[in-house]
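For the record, in the sequence shown the residue sitting at position 101 is 193 according to this note's numbering, with numbers rising by one throughout. Here is the structure we will look at.
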Amino acid sequence: MKLYIKYMVSLRCKMLVQEELKKLGLNRVAVDLGVVEIFGDITDEQREKFRNNLKKAGLELLDDKKQILVEKIKNVIVEMIHYSDEIPEMNDSDFISEMLGYDYTYLSNTFSEVKGMTIRHFIILHRIEKAKELLMYDELTLTEIAHRLHYSSVAHLSSQFKKITGLTPSYFRELKYKRVKNLEDL
93 MKLYIKYMVS LRCKMLVQEE LKKLGLNRVA VDLGVVEIFG DITDEQREKF
143 RNNLKKAGLE LLDDKKQILV EKIKNVIVEM IHYSDEIPEM NDSDFISEML
193 GYDYTYLSNT FSEVKGMTIR HFIILHRIEK AKELLMYDEL TLTEIAHRLH
243 YSSVAHLSSQ FKKITGLTPS YFRELKYKRV KNLEDL
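Structure (structure tokens):
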């Protein structure tokens, strides 16, 4: 039986989930990115206790199939943008569809219904967050950042960056220097 849990990837979360399962006497389990596979049966009482203990720890047991699919979509996007250095050879919609084995229109409609935003907007938000992170490191040029984040041009990245943050990428990077200088002046 598989249970789906909404949590960010961290060793602490994984260990917490494993600990809660052990307390319930469920030792034959596999815990992976947002998924717990239990090799055996789990009673309704164990499931409810597990749900309540997760909730106390700020985690959520997902039951709704649409919610589960949306979490999978989000995980693919986060992995694609934040944790992969390789740019997919295909466009985002084809990549997501291929990774999850569903038609993109179905994925898109389900995501919009559950999250109240499009997959495209979710991707843009995460790309801008990654761009902000890369700008703060100051190791890459704006052209290199645009390429790494799969933008067609620096102008396209700059336009979306300004639309989301209200700042240009150059000004955002400049703010870093002002913050550092202010800290040095203390």
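Just so you know, even glycine gets a beta-carbon here, dropped at the ideal spot from N, CA and C.
Between the alpha carbons of residue i and residue j, how many angstroms are there, rounded?
i	j	result
His218	Lys224	10 Å
Ile130	Phe264	47 Å
Lys222	Arg240	10 Å
Thr194	Gly208	According to the sequence as given, residue 194 is Tyr; it is not Thr. Their Cα atoms are separated by approximately 20 Å.
Lys254	Leu192	32 Å
Lys268	Ser176	25 Å
Glu266	Leu259	11 Å
Met100	Lys270	Unreliable positioning characterises Met100 in this predicted model, as indicated by a pLDDT of 49, which lies under 50. The coordinate reading is nonetheless provided below. Their Cα atoms are separated by approximately 32 Å.
Gly132	Phe187	34 Å
His248	Arg104	38 Å
Gln252	Asp156	33 Å
Glu111	Asp136	19 Å
Helix, strand or coil: how does DSSP classify residue i here?
i	result
Ile134	coil
Leu129	A small fix is needed here, since residue 129 is Glu in this sequence, not Leu. Strand, per DSSP.
Leu199	helix
Leu192	helix
Leu249	helix
Give every residue of the same chain whose Cβ lies closer than 7 Å to the Cβ of residue i, excluding the five residues on either side of it in the sequence, and list them in chain order.
i	result
Thr202	Lys158, Leu161, Val162
I'd like to check one pair, residue j with residue i: are the Cβ atoms closer than 8 Å?
i	j	result
Ile169	Phe214	yes
Ile211	Leu199	yes
Lys106	Val123	yes
Leu151	Gln138	no
Val109	Val127	no
Just to confirm, does residue i get its C-beta within under 7 Å of one of the non-hydrogen atoms of the ligand SAH?
i	result
Val206	You won't find the ligand SAH in this model; it holds no ligand whatsoever.
Leaving out the 5 sequence neighbours to the left and right, which residues in its chain are closer than 8 Å to residue i when beta-carbon positions are compared?
i	result
Lys166	Phe214
Glu190	Met182
Leu113	Asn119, Val121, Val123, Val128, Ile130, Phe142
Ser185	Tyr196, Ser200, Ile211
Taking 6 Å as the limit between beta carbons, can you name the residues of its chain near residue i, skipping five residues before and five after?
i	result
Leu234	Val246, Pro261
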